[in-house]
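>
There are 4 protein chains.
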Amino acid sequence: MANQALENFPYRLEFLVRDYELDLLGMVNNGVYQGYLEHARHEYLKTIGLDFAGMFAQGYRLVVVRAELDYKQTLHSGDRFFVAVSMSREGKVRFRFDQAIFRADGALVLEAKVFGTCLKPSGRPCFPPGWESYFSTPTV
Amino acid sequence: MANQALENFPYRLEFLVRDYELDLLGMVNNGVYQGYLEHARHEYLKTIGLDFAGMFAQGYRLVVVRAELDYKQTLHSGDRFFVAVSMSREGKVRFRFDQAIFRADGALVLEAKVFGTCLKPSGRPCFPPGWESYFSTPTV
Amino acid sequence: MANQALENFPYRLEFLVRDYELDLLGMVNNGVYQGYLEHARHEYLKTIGLDFAGMFAQGYRLVVVRAELDYKQTLHSGDRFFVAVSMSREGKVRFRFDQAIFRADGALVLEAKVFGTCLKPSGRPCFPPGWESYFSTPTV
Amino acid sequence: MANQALENFPYRLEFLVRDYELDLLGMVNNGVYQGYLEHARHEYLKTIGLDFAGMFAQGYRLVVVRAELDYKQTLHSGDRFFVAVSMSREGKVRFRFDQAIFRADGALVLEAKVFGTCLKPSGRPCFPPGWESYFSTPTV
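Chains as they are written, first to last, in numbering that gives the first Met the number 0: chain L, 0 to 139; chain P, 0 to 139; chain R, 0 to 139; chain U, 0 to 139.
1) Does S132(L) come within less than 8 Å of chain U when only Cβ atoms are used?
2) Nearest chain L C-beta to R170(R) closer than 8 Å, yes or no?
3) Could you tell me whether the Cβ atoms of A83(L) and F8(L) are closer together than 8 Å?
4) Residues of chain P with CB closer than 8 Å to the CB of D22(R), please, in chain order.
5) Got a sec: which bits of the region 75 to 100 of chain R sit with their beta carbon under 9 Å from any beta carbon on chain L, in order along the chain?
6) Please go through the region 68 to 130 of chain R and give each complete alpha helix (DSSP H) segment of 4 or more residues, from N-terminal end onward.
7) Can you find a C-beta in chain R that's less than 8 Å from the C-beta of G30(U)?
8) Shortest alpha-carbon distance to A4(R) belongs to which of K45(R), Q98(R) and V27(R)?
9) With 8 Å as the threshold, decide whether the Cβ of D69(L) is near any Cβ in chain P.
10) Taking DSSP as the reference, what is the three-state secondary structure of Y10(U)?
11) Identify the contact partners of F55(U) in chain R, using a Cβ-Cβ distance below 8 Å as the criterion.
12) Considering only C-alpha positions, which residue in the set E20(U), M86(U), R79(U) and G58(U) is nearest to Y43(U)?
13) Got a sec: which bits of the region 29 to 51 of chain R sit with their beta carbon under 7 Å from any beta carbon on chain L, in order along the chain?
14) Considering only their Cβ atoms, is the gap separating L68(U) from A39(U) smaller than 8 Å?
15) For V92(R), which residues in the same chain have their Cβ closer than 8 Å to its Cβ, ignoring the five residues on either side in sequence?
16) Grab me the residues of R60(R)'s own chain with a C-beta within less than 6 Å of its C-beta, minus the 5 sequence neighbours each way, in chain order.
17) Taking the alpha carbon of F101(L) as the reference point, which residue from G90(L), T73(L) and G122(L) has its own alpha carbon closest?
18) Residue range of the alpha helix (DSSP H) that R40(L) falls in?
19) Mind reading off the beta-carbon distance from D22(U) to Y19(L)? Whole number of angstroms is fine, and I expect it under 8 Å.
20) Which residues does DSSP list as the beta-bridge partners of V62(P)?
21) Could you tell me the distance, in whole angstroms, from the CA atom of F81(U) to the CA atom of D104(L)?
22) Here's the rule: buried if 16 or more other CB atoms are within 10 angstroms of the residue's CB, otherwise exposed. What is G25(R)?
23) Give the interface partners of L62(L) over in chain P, defined as CB-CB distance under 8 Å, in chain order.
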């Protein structure tokens, strides 16, 4: 993404650091960010009429197959931040999220690429049924 | 790593899935793996005389700057697995962990590259003081 | 509390279930609620000028010594809910939080009593310095 | 339990603190203990032929209805500890776990009483089918 900025993403969700997410170093633990990213993805999907839990109720499991995370700044107690989401299709059975986390003061905290697929009840990967129309072609 | 196998790693730690690590899909949640990887790294460091918490007590913070995670299989309730660790130096102020998770039956569950640095009390990155002799040159 | 209702609490904080907080059963895992309760307590303290992280920066650690949790309903994917907080003094070195969680539709999800103390740098318990004026006498 | 000691429990499971379980204070966060307790309960149940995940596969959900936790000591980075479990029946549709956590040096870290029930597919509570013979009468 040429110009990484909050305004460039079609969706963003505001969060506040919870003190139990901090580790010994007084910083949000590196593993916690994946939870932030997932929650923002699921909320984004809902805004376009798609639903992680609803898909599962129909027997389809949306799973992450690859994640790349670049940690730029650390988040601390009391920090407000935004998790931004952009989605595109990636090949036959994969979708891709470009995500970034920005502190409320605009500082870039984390950049991520998260690649997912959908598992049929049989366990075979597929593109999520009914999602085609929501997906742009990759732009990044 | 040409031949990804548990025996190729200098360190491995055994784990058992805890049911609270599962999510709605009945699989270990994607964010939980980073915790597994971190715990194995910290235990590995102890075996060679290095200590995450001890470094912090001296004012040095070891932080992740980049993580790449490839999810190959999912872990379920009751699964035993091994988290493997290999460490190398990566440039002036970075170190690198090549890690993999194998289910007890040998199935490859996840491959990861985790890049870290050490923050001085001032916040500036450095190579962790005293670590030079423990690091091989990158082999992957 | 004679009449357990959201309006009876001096403070409440709105939350939304995050899917990674669900477990295999599709319900928020029992241990996650303690995180919700803690986050609401810390945010409440800030509204009256008190700060968990700030206390720690001065060498004082606020710790939980006892928690009683009554689970009344389960929370599921997509649920919005409120965590309510009421605080009182409990003896010489303890404080007490009466807390409840209500789903957005008003259903009582959980009731909790959480007792805490403050550890001095020496490790000895004390009533948090400077907090006396903020505390009412127990009302429950 | 008159004489709270590790030997008095029919089951114990060894754990090692993982650094991501620590919070800002450098201590295991209060909410993490419920995860430890749950994991030990589920492992204990397996030793007597009962299975949380297996029950769920048959449509029965084992849920916590009340937890009482007394925090006696804090756990820190590197601590090894044991989570002990004792189980008894409590009335018509409830079971009860008396649990304690001991640091490897024998120090009592936490005492807990955890009350659970089993939800039928309909959502109504029941005593878990097939469990009667495994339960002693309460002894505490």
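A virtual CB, placed ideally from N, CA and C, is assigned to each residue, including glycine.
Because the structure is a prediction, the values reported are computed rather than measured.
In brief:
1) Here residue 132(L) refers to the residue found at position 133 of the first sequence. So, not an interface residue.
2) Summary: the structure shown does not reach residue 170(R), with chain R confined to residues 0 through 139, and so no result is reported for it.
3) As a first step, residue 83(L) must be located in the first sequence, where it is residue number 84. As a first step, residue 8(L) must be located in the first sequence, where it is residue number 9. It is a contact, given that the beta carbons lie within the stated cut-off.
4) Along the third sequence, one-based indexing puts residue 22(R) at 23. Ordered by position in chain P, the residues that pass the 8 Å Cβ test against D22(R) are D18, Y19, L21, D22 and L23.
5) H75, S76 and G77
6) none
7) Position 31 of the fourth sequence, counted from the start, is the residue given in the question as residue 30(U). Answer yes: the Cβ-Cβ gap between G30(U) and chain R drops below 8 Å somewhere.
8) Translated into positions along the third sequence, residue 4(R) becomes position 5. When each option's Cα is compared against that of A4(R), the closest is Q98(R).
9) Indexing the first sequence from 1 puts residue 69(L) at position 70. Yes, D69(L) counts as interfacial toward chain P.
10) For the purposes of this step, residue 10(U) is taken as residue 11 along the fourth sequence, with counting starting at 1. DSSP places Y10(U) in strand when its eight states are reduced to three.
11) By 1-based counting over the fourth sequence, the position of residue 55(U) is 56. Residues of chain R passing the Cβ test: L23 and L24.
12) The sequence position of residue 43(U) within the fourth sequence is 44, counting from 1. Selected option, being the one with the closest Cα: M86(U).
13) G34, E37, H38, H41 and F51
14) Taking the fourth sequence and counting its residues from 1, one reaches residue 39(U) at position 40. Taking the fourth sequence and counting its residues from 1, one reaches residue 68(U) at position 69. Contact flag unset, no.
15) Taking the first residue of the third sequence as 1, we reach residue 92(R) at position 93. T116, C117, P124, C125 and F126, listed in sequence order.
16) By 1-based counting over the third sequence, the position of residue 60(R) is 61. So the list reads L118, once near-sequence residues are dropped.
17) Numbered from its first residue, the first sequence carries residue 101(L) at position 102. It is T73(L) whose Cα lies nearest to the Cα of F101(L).
18) As a working mapping, residue 40(L) is identified with position 41 in the first sequence. Element bounds for R40(L): V31 to T46.
19) Residue 22(U) sits at position 23 when you count from the first residue of the fourth sequence. Residue 19(L) sits at position 20 when you count from the first residue of the first sequence. Right, their Cβ atoms sit about 6 Å apart.
20) Residue mapping note: residue 62(P) aligns to position 63 of the second sequence, counting from 1. Answer by DSSP bridge pairing, in chain order: T116(P).
21) What you label residue 81(U) is simply residue 82 of the fourth sequence in a count that begins at 1. What you label residue 104(L) is simply residue 105 of the first sequence in a count that begins at 1. Looking at the two C-alpha atoms, the distance is approximately 44 Å.
22) Position 26 of the third sequence, counting from 1, holds the residue named residue 25(R). So G25(R) ends up on the buried side.
23) Your numbering for residue 62(L) matches position 63 in the first sequence. Correcting the residue identity first, residue 62(L) is Val in this sequence and not Leu. The answer, in chain order, is L24, M26, N29, Y70 and T73.
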